[in-house]
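Numbered by the numbering used here, the letters in the sequence shown go through residues 224 to 329 in order. Every residue, glycine too, gets a C-beta built ideally from N, C-alpha and C. Here is the structure we will look at, set down as C-alpha cells.
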Amino acid sequence: MADFLGMMKQAAQLQSKMQEMQESLANVEVEGISGGGLVSVRMTAKMDVKGIKIDPSLMKAEEREVLEDLLVTALGDARRKAETAMQEKMQSLTGGLGLPPGLFGQ
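Below is the structure:
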C-alpha cells in the first residue's frame, strides 16, 4: 500500500510540474522568418501570435500574393519552433521517464 501511495504522490507532483510548465510556455517566445527576413512572426510556445513584421517593400498591391505566402510560411516556421520549445521543456521536466506523448494533455 505504501508503494501505491508513493506512486500517487509522485503522480501528483508530476502533474503540478506539468501545470507549471504549461504556464511557463506562455513566456517562451520564438520567431518564425520567411523571405530572407522580409516577414517575421513572433509567438509564444503556446502558439499565441505576439507580433508580425513586414518589410515595407512588400506593401504594394502587386505583391499581395507574395506577402500572403510569406506570412503563411513565417507562421509555419514559428509554429515548428514553438513545438520544439515545448518538447524541450517537456523533456527537461520528465527527465527521460519514457512517458507517452499527450499523457498530460499536451
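Check whether residue i and residue j have beta carbons under 9 Å apart
| i | j | result |
| --- | --- | --- |
| Val264 | Asp300 | yes |
| Ala364 | Glu306 | Residue 364 lies beyond the range of the chain shown here (224 to 329); nothing can be said about it. |
| Glu296 | Gly258 | Sequence check: residue 296 is Thr here, not Glu. Their beta carbons are under 9 Å apart, which means Thr296 touches Gly258 by this criterion. |
| Val272 | Ala308 | no |
| Val253 | Asp278 | no |
| Gly255 | Arg302 | yes |
| Lys304 | Leu248 | no |
| Lys232 | Leu316 | no |
Residue i - partner residues in DSSP beta bridges
| i | result |
| --- | --- |
| Gly255 | Val264 |
Whole-angstrom C-beta distance between residue j and residue i, which should lie under 8 Å
| i | j | result |
| --- | --- | --- |
| Leu290 | Leu281 | 5 Å |
- prompt: Which parts of the region 267–322 are runs of the alpha helix (DSSP H), unbroken and 4 residues or longer, counting only runs that do not cross its ends?
  reply: 287–317
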